[in-house]
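In my numbering, the protein residues as written are 165 to 609.
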């Protein structure tokens, strides 16, 4: 295991206004991809602003195990010397991804295009998550999974393709992980690998592949989808990557600033890729005071300075097509909805059931135990906001970092303190969450 096995409980209580200027950690999605594409490139890749949480560090270790040279050169600064497309070496031991589904699934794609065998493993939470949706297209491309548990669960052995073939693949759900795994495997295949999405998922892999020199074209498909075509067997070249601040991490202090009276917090360099800003769109519809300035771009990814002030929120209906742009943020949105006036309906959340935990049920449980009226109707989450939250509950995190952070945010404005059974897993994505929140004025004990 790469995380602490000793539970770390914590209590969050109502505090005074939150105030200050902060930069949340680097984006996790970009950090994973920078390491992987750096390892598949020729030459040197320099990464600044890398998220140094456990999830990303496990991806860095897996790149080392597969033959790339990976070195930390300073705070959040890393250097990767790659082995080229399809150049991975067979690892001497299992690749342990800890709690990270993203790292595991993307590296499966990268390994699938190489004539090697690798064992993929992780912690108890990751072992419970299905991998068959990733394995199905990879096997069409020539890779082969050894005997696995139901759903293709870890640990599993993946035999990469000796002669990978390009495919045209329609993703069954909107998933950047499925799309990215297919594209990473497609790097090693001759010809064009094409992925069609009925609902567009985050496009970080496409943008970064282009940044590293791949020939890739993305066009609109239908009302909400995309068709992505990648020309295989390119020579990727090492690149400079500046990792923007992670909007999924920023979501927690942003919601905290909105619900704690009198708060005024500024966040620098937050990624504003439109396929990642569903939460900001929704919060603004709820009446949130969020100002955007100093917009700039790097490596194809836009970023901006955000000023967030405490706001009176109202209930809204969130359409299902917005889910891919905010799938990781629904947990903390549910907290914001609890403090809003009126009912908030979040539609089409089936993907939450196959995350680190069944996040749909876990989110509802988090709210109920703190006195919030909540209902699950099919794949929809319905929260009845009454302008305040009674609090006083003990939240079971189910080894899920986002449940832990969401519950701590709730406690900062609840009538009574909120207790969290284990905060150890927060380190997987946001190692400095607790000290950063305390710096802004949060009360944790």
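The C-beta atom is built at its ideal place from N, Cα and C for all residues, glycine as well.
| Asked | Found |
| --- | --- |
| Buried or exposed, going by whether 16 or more other CB atoms sit within 10 Å of the CB of residue 517? | exposed |
| Just verifying my parser: in three-state terms, what is the DSSP assignment at residue 233? | strand |
| How about residue 434 and residue 409: do their beta carbons lie closer than 8 Å? | yes |
| Are the beta-carbon atoms of residue 205 and residue 576 separated by less than 8 Å? | no |
| Whether or not the region 249-264 and the region 392-403 are in contact is what I'm after, with contact meaning three or more pairs of Cβ atoms, one per stretch, closer than 8 Å; do they touch? | yes |
| In the DSSP assignment, find the unbroken beta strand (DSSP E) run with residue 243 in it and report its ends. | 241-245 |
| Classify residue 326 as buried or exposed, calling it buried when 16 or more other Cβ atoms lie within 10 Å of its own Cβ. | exposed |
| Just checking: is the beta-carbon of residue 423 within a distance shorter than 8 Å of some beta-carbon in chain B? | Judged by its chain identifiers, the structure shown contains no chain B, having just a single protein chain. |
| Here's the rule: buried if 16 or more other CB atoms are within 10 angstroms of the residue's CB, otherwise exposed. What is residue 237? | exposed |
| Which value, in whole angstroms, describes the spacing of the CA atoms of residue 530 and residue 559? | 6 Å |
| DSSP three-state label for residue 166, please. | Its pLDDT being 42, under 50, residue 166 is placed unreliably by the model, and nothing is read from it. |
| Identify which residue in 563, 581 and 585 has its Cα closest to the Cα of residue 264. | 563 |
| Do residue 583 and residue 554 count as a contact pair if the criterion is CB distance below 8 Å? | no |
| Excluding the 5 residues preceding and the 5 following residue 476 in the sequence, name in chain order all residues of the same chain whose CB lies nearer than 7 Å to its CB. | 451 |
| Between the C-alpha atoms of residue 207 and residue 405, what's the straight-line distance to the nearest angstrom? | 14 Å |
| Within this structure, are the beta carbons of residue 609 and residue 175 separated by less than 8 Å? | yes |
| Quick one: complete alpha helix (DSSP H) runs, 4+ long, within the region 341-424? | 368-375 and 411-423 |
| So is residue 334 buried or exposed if we call it buried at 16+ other beta carbons inside 10 Å? | exposed |
| Considering only residues of the same chain and omitting the five flanking positions on each side of residue 168, which have a CB-CB separation below 7 Å? | A caution first: residue 168 carries a pLDDT of 48, below 50, which makes its placement in the model unreliable, though a value can still be read off. So the qualifying residues of the chain are 588. |
| Mind reading off the beta-carbon distance from residue 470 to residue 456? Whole number of angstroms is fine, and I expect it under 8 Å. | 6 Å |
| How long is the line joining the alpha carbons of residue 407 and residue 296, rounded to whole angstroms? | 30 Å |
| Please classify residue 165 as buried or exposed, where buried requires at least 16 neighbouring CB atoms within 10 angstroms. | Because residue 165 carries a pLDDT of 37, less than 50, the predicted location of this residue cannot be relied on, and no value is offered for it. |
| Candidates 486, 216, 388 and 481: which alpha carbon is nearest residue 507's? | 481 |
| Where does residue 195 fall in DSSP's three states? | helix |
| For residue 226, is the classification buried or exposed, using 16 other Cβ atoms within 10 angstroms of its Cβ as the cut-off for buried? | buried |
| Return the Cβ separation of residue 375 and residue 464 in integer angstroms, given the expectation that the two are a contact with Cβ distance under 8 Å. | 6 Å |
| Express the C-alpha separation of residue 243 and residue 591 in angstroms, rounding to a whole number. | 22 Å |
| Alpha carbon to alpha carbon, how far is residue 528 from residue 497? | 12 Å |
| If you follow the alpha helix (DSSP H) that residue 303 is in, where does it begin and where does it stop? | 296-304 |
| For residue 183, tell me which candidate among 255, 386 and 426 has the shortest Cα-Cα distance. | 426 |
| Measuring straight from C-alpha to C-alpha, what distance separates residue 488 and residue 513? | 9 Å |
| Please list the terminal residues of the continuous beta strand (DSSP E) segment that includes residue 503. | Where residue 503 is concerned, there is no enclosing beta strand (DSSP E), although the alpha helix (DSSP H) it sits in stretches over 494-503. |
| Okay, do the region 307-327 and the region 360-367 touch, 3+ Cβ pairs below 8 Å being the bar? | no |
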